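In what follows, a structure is listed as structure tokens, so that the remarks can point back to it.
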Amino acid sequence: MKIVSIHERTVPLESETSNAAISFSTMTASAVVVEIETAKGRFKGLGFSSYGRYGHGGLLNERFIPRLLNAQPEDFIDQAEGNFSMLNFWDVLMQNEKEGGHGERSGAVGVIETAMWDAWAKSEDLPLWAL
364 MKIVSIHERT VPLESETSNA AISFSTMTAS AVVVEIETAK GRFKGLGFSS
414 YGRYGHGGLL NERFIPRLLN AQPEDFIDQA EGNFSMLNFW DVLMQNEKEG
464 GHGERSGAVG VIETAMWDAW AKSEDLPLWA L
């Protein structure tokens, strides 16, 4: 499996919703598309960050997307099983990141991970829960 492209777009929520502490009216979210290529063809996975936080474009475009695009296809392969591994994907994604971290990083990781899970499930023609 090869990661062909990853695109992030920060989108406004445009909601007048608020809670007791904050207004969501100026908040943004990140939409991510991961395109992969396998022996079966090309597949796109989608991820959308959570409501109530700001978009993660800075972290995604500065660190996580380049890291994944610079990896070799074999970096994502479980050598014992000979197939794609989300654990290997995670290892590449988190290279050179300190343990622990902060909430903004977890949001960036979550949205790109969601898109990858979606692409992988589509490539296997399976519902995500079956992977």
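The working numbering numbers the first residue of the sequence shown as 364 and each following residue consecutively.
Each residue gets a CB set at the ideal place from its N, CA and C atoms; glycine is no exception.
Keep in mind it's a predicted model, so treat the numbers as computed, not measured.
Asked                                                                                                                        : Found
Delimiting residues of the alpha helix (DSSP H) encompassing residue 468                                                     : 466-486
Neighbourhood of residue 448 by C-beta distance below 8 Å, restricted to the same chain and skipping five residues each side : 439, 440, 441
Beta-carbon gap between residue 366 and residue 395 smaller than 8 Å                                                         : no
Option in 466, 415, 485, 378 with minimal Cα separation from residue 384                                                     : 415
With 16 other Cβ atoms within 10 Å as the buried cut-off, status of residue 419                                              : buried
CB contact flag (residue 427, residue 472, <8 Å)                                                                             : yes
Option in 485, 388, 399 with minimal Cα separation from residue 380                                                          : 388
Beta-carbon spacing of residue 479, residue 374 below 8 Å                                                                    : no
DSSP-derived helix/strand/coil call for residue 429                                                                          : helix
Under 8 Å between C-beta atoms of residue 408 and residue 481                                                                : yes
Those residues which DSSP pairs with residue 369 across a bridge                                                             : 397
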